[in-house]
Structure formats: structure tokens, C-alpha cells
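Residue numbers (our numbering): 66 to 151. I have placed the structure first, in the form of C-alpha cells, so that the comments after it can refer back to it.
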Ligand SMILES: [Zn+2]
């Protein structure tokens, strides 16, 4: 069964080019919770490295944004969307 993946922008430490890395959501959440190192990967240089503090913060925000989405769709603000649609 495929695990849900999170697409995150990463910057290659060698050439500073940005690319999208995909990591399993469960792996990121677990590593953030227990303070474990997260391995990032850049395709351009076929290079693996350990996420820095700033990169971990970025991952934390991406995860938080994921959890907010379903609530935002069901929450009170959607009454305004309904009104606007009529
Ligand atoms: Zn590179």
C-alpha cells in the first residue's frame, strides 16, 4: 500500500537549485516528534543530506498546513462561500 507523501521544496547544498522532494508524511511527523534526523535528497547532484533546523521548521509548517485543510473546508467560513455562490 503506498504511503501518503508530502512534497516539499528543497535547496541543493551544492548548486542551490530548488527542487521538490517527496517524503512519507508518517516519516516526517515521527522524526519531528522524536527529534530524529530527516534525510533530504536533491536529484540534480544525487545527494543526500540531513535537514537543517530551518528545513525542519519548513517541514513542520508543511505538516501543520496539511492538518488545517480539512477543517477549513468544513468550518464556519464556508457559510460566506455559500452566500457568495447564490
Ligand atoms: Zn545540485
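For every residue, glycine included, the Cβ atom is placed at its ideal position computed from N, Cα and C.
Asked: Does any heavy atom of ligand 1 sit closer than 7 Å to the C-beta of residue 127?; Found: no
Asked: Could you give the distance in angstroms between the alpha-carbon of residue 93 and the alpha-carbon of residue 73?; Found: 11 Å
Asked: Assuming residue 130 and residue 115 are in contact, meaning their beta carbons sit under 8 Å apart, how far apart are those beta carbons, in whole angstroms?; Found: With 8 Å as the limit, residue 130 and residue 115 do not qualify as a contact, their Cβ atoms being about 23 Å apart.
Asked: On the criterion of 16 or more Cβ atoms from any shown chain inside 10 Å, does residue 98 qualify as buried, or is it exposed?; Found: exposed
Asked: Can you pull every residue whose C-beta falls closer than 6 Å to some heavy atom of ligand 1, listed in chain order?; Found: 77, 79, 80, 82, 107, 109, 110
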